[in-house]
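Please read the structure below before turning to the comments.
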Amino acid sequence: MIESIAEIGKWALEKKQKTVVDQLIEDHGYPYAMNILLKEEDGTFVFVGIEVEEAHIDFKKYLFRNGSPRGTNYSPTARITTVDNTFHQKVLGWLKKVKDDEDHYFHSIYELLVSKHEEVVSQLQEKIDQLKDRAILSLKINNKFLYDLPLFVDKFLFMVNEKDLELYTEEKVCSVCGEKKDVVIGKMSVFRFYTLDKPGFITGGFHESLAWRNFPVCLNCKSFIEEGRKIIEEKLRFQFYGLSYLLIPKFILPSQTNSEDYEDILYLLFSQSKDIRLQDRKIQSFMTTEEDILAVLADAKNTISLQLLFLQKIQSAERILLLIEDVLPSRLREIFQAKAHVEKVLSFTDRQFHFGMVRTFFNSDAERYFLTIVDRVFKKEPIHITFLLSFIMKEIRRDFYEIESNANFFYKVRQAISVILFLEQCGVLKMRGGSVVPGKFDVLFETFGQQLDTNEKKAIFLLGALTQMLLEIQWKERGSQPFVKQLMGLKMDERTVKGLLPKVINKLKEYDAYQRSHHLLAEDISSLFMMAQKNWKLSVDELNFYFVCGMNLVSKVKECLFEQKGEQENVEQSI
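Residue numbers (this note's numbering): 165 to 739.
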């Protein structure tokens with residue numbers, strides 16, 4: 165992952181024609197600069213005066229990078245607050261910090277400006293009073309900006325990397341570029357999830373002085389990683405149903421980094437707008453709550469893989485919630501085909517299938533389980549139906565208690581069916597299977613996937629549909645649904661379900677509503693019960709899930725009944 169981020173950073177710097185130094189310089193954002201002009205000859209410095217110029221066009225020449233509000237910056241360039249304070253704290257303070265090094269270059273500048281303190285401050289104050297606008301304070305030596313003075317640039321780089329250089333070694337191989345470098349650091353601060361604050365995090369006998377062995381990085385690669393992190397944060401951070409993730413592209417072969425595909429894909433990923441369009445059609449959101457870029461990448465060749473990094477920020481630290489690696493475009497295509505299949509089967513018109521429907525059944529306390537589902541979908545690893553249904557039924561039961569007043573129950577069941585069908589089409593839902601008896605509802609069972617793969621599951625599903633027909637009749641006749649109490653809050657076991665069929669039939673007869681269609685359906689349910697296994701190997705959650713699926717898809721069962729018997733012309737009156 166880190167290598168991919170470094171490669172992206174290197175590409176971005178080359179495209180912008182920026183050096184490692186350029187990448188570290190910040191835009192000061194002020195319209196003017198006040199330069200303290202010095203002249204140097206044979207190691208002797210002379211104060212010349214103060215120059216005012218426009219500074220908003222080429223900001224990098226001032227070598228500005230903000231530091232501590234109460235300390236120095238990374239160069240003697242600073243935004244002016246008050247002239248005297250900025251000169252003392254940011255200019256003299258910076259020179260004092262570096263002047264004790266081996267040569268006398270900075271020491272001489274410091275001594276000069278201290279001796280000329282009153283004159284410099286006086287001229288600066290006069291200029292700022294005349295300017296009446298915001299300005300930065302900087303130095304020019306022999307009419308050269310700080311960016312053009314190698315000694316200042318070297319100090320700038322050292323101070324930026326000073327914290328990371330607390331732990332370094334010389335003449336070792338960088339773990340990112342694989343080249344032997346003069347200096348490699350072992351304490352990079354680009355990502356906050358990499359820490360050495362506990363002995364157990366350190367290789368080499370738990371000695372911090374040897375911790376560079378964990379992750380040696382040269383200063384060039386560190387700069388590439390910083391730029392890569394920055395551009396990925398700006399362009400490829402997406403919101404994801406209460407979470408957020410970074411999308412990190414990785415080319416499989418190094419030789420591909422010079423290919424046309426490489427340029428095209430990176431340009432697409434890092435274009436100014438996230439509003440990606442394909443054949444004048446906006447990509448419909450699936451993975452993100454923003455415009456979806458994954459659908460575009462699904463059409464790419466398998467020369468690229470994707471990494472999805474879910475990070476949680478806790479104050480100044482970061483924690484990896486999930487890292488999904490090596491997702492190929494071919495797998496993305498399979499996932500989007502599964503999405504399209506669900507939308508076609510369930511006739512979605514006003515909304516599209518998305519991972520938010522999965523999230524519905526996993527609240528914030530179950531976040532890690534939701535991420536497990538996401539991880540396994542992308543990696544095509546199996547998910548056990550019993551694990552999934554324990555969460556689904558918990559949410560469905562919550563709405564079922566208010567079924568008469570809460571229309572959300574049937575919508576939530578429809579969401580659950582969508583999730584099961586999607587996971588099945590993705591090839592991750594593990595099924596047990598069993599013997600089945602062919603019947604008039606086979607087309608319906610095949611349409612809604614392979615979960616109804618045993619006689620007992622089919623019987624439970626159809627019994628749910630028959631029960632819903634009864635509840636609709638009760639609502640029409642009485643404005644209430646008292647039979648709901650017989651469903652035991654959707655915690656029925658095998659014995660309860662088997663005893664439910666005669667209760668439904670008797671209740672339909674009491675309402676004088678037991679039509680031929682009901683009789684045919686009850687006949688099929690009875691046959692399936694008789695052909696089922698002696699002891700059902702279904703959990704309570706599974707059993708009740710198939711039951712509510714039948715309740716939710718009752719209209720599909722009705723269609724199937726009347727297509728078979730040629731009675732479709734008056735469905736409402738017959739049922």
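The C-beta atom is built at its ideal place from N, Cα and C for all residues, glycine as well.
Distance check between LYS304 and each of VAL278, ILE214 and SER279 places ILE214 closest, using alpha-carbon atoms only. Between HIS518 and LYS508, the gap from beta carbon to beta carbon reaches 9 Å or more. When the Cα atoms are used, PHE388 and LEU485 turn out to be separated by approximately 24 Å. Bridge pairing for ILE273: absent [DSSP]. With contacts defined by Cβ atoms closer than 9 Å, LEU692 and ASN572 do not form a contacting pair. Taking a contact as a CB-CB distance under 8 Å, the pair LEU492 and SER469 counts as one, their CB atoms being some 5 Å apart. For GLU545, same chain residues with a beta-carbon under 7 Å away, outside a window of 5 residues either side, are VAL592 in chain order. Counting the other Cβ atoms within 10 Å of the Cβ of ASP529 gives fewer than 16, which makes it exposed. When beta bridges are read from the DSSP output, GLN403 appears opposite SER408. Around LYS621, the same chain offers TYR710 as residues with beta carbons nearer than 6 Å, after the five sequence neighbours per side are excluded. Closest by C-alpha distance to ILE488, out of LYS543, GLU171, LYS477 and SER511, is LYS543.
Where ILE214 is concerned, there is no enclosing alpha helix (DSSP H), although the beta strand (DSSP E) around it starts and stops at 208-218. The continuous alpha helix (DSSP H) containing SER494 extends over residues 493-509.
In the three-state DSSP reduction, HIS268 falls in the coil class, being neither helix nor strand.
Along the region 300-356, the alpha helix (DSSP H) occurs as fully enclosed runs of 4 or more residues at 314-324, listed in sequence order. Under the three-state reduction of DSSP output, GLN294 falls in the helix class.
With the rule of 3 Cβ pairs closer than 8 Å, the region 285-294 does not count as touching the region 313-320.
Of the residues VAL381, ARG532, ARG229 and ALA686, the one whose Cα lies closest to the Cα of ILE189 is ARG229.
Taking a contact to require three or more Cβ pairs closer than 8 Å, the region 272-279 and the region 204-212 qualify as touching. In the assembly as shown, ILE560 is a buried residue. Its beta-carbon has 16 or more other beta-carbons within 10 Å. Shown here, VAL592 sits in coil according to DSSP, grouped into three states, outside any helix or strand. For PHE564, the uninterrupted alpha helix (DSSP H) run begins and ends at 549-564, by DSSP. Classified as exposed, TYR565 has fewer than 16 neighbouring CB atoms from the shown chains inside 10 Å of its CB.
Counted as a single uninterrupted DSSP element, the beta strand (DSSP E) harbouring MET198 occupies residues 196-205.
Looking at the backbone, the Cα of ASP563 and that of GLY653 are separated by about 10 Å. In the displayed model, ASP676 falls within coil according to three-state DSSP, outside both helix and strand. The three-state reading of DSSP puts GLU482 in strand, counting E and B together. Taking GLN697 as reference, the option from ARG680, LEU725, GLU658 and ILE669 with the minimal CA-CA separation is GLU658. ALA197 sits away from CYS341, with the two beta carbons spaced by 9 Å or more.
Taken through DSSP and simplified to helix, strand or coil, SER528 comes out as helix. When DSSP states are grouped into helix, strand and coil, ALA242 belongs to the strand group. Contact between ILE412 and SER168 holds, with the beta-carbon distance rounding to 5 Å and staying under 8 Å. Residues LYS203 and GLU204 of the same chain have their beta carbon placed closer than 7 Å to that of ASN306, with the five preceding and five following residues left out of the count.
Contact check for VAL668 against LEU630 passes: the beta carbons are separated by less than 9 Å. Here TYR409 is buried: its Cβ has 16 or more other Cβ atoms, across all protein chains shown, within 10 Å. Between the region 176-183 and the region 279-288, the count of C-beta pairs closer than 8 Å stays below three; the two stretches do not touch.
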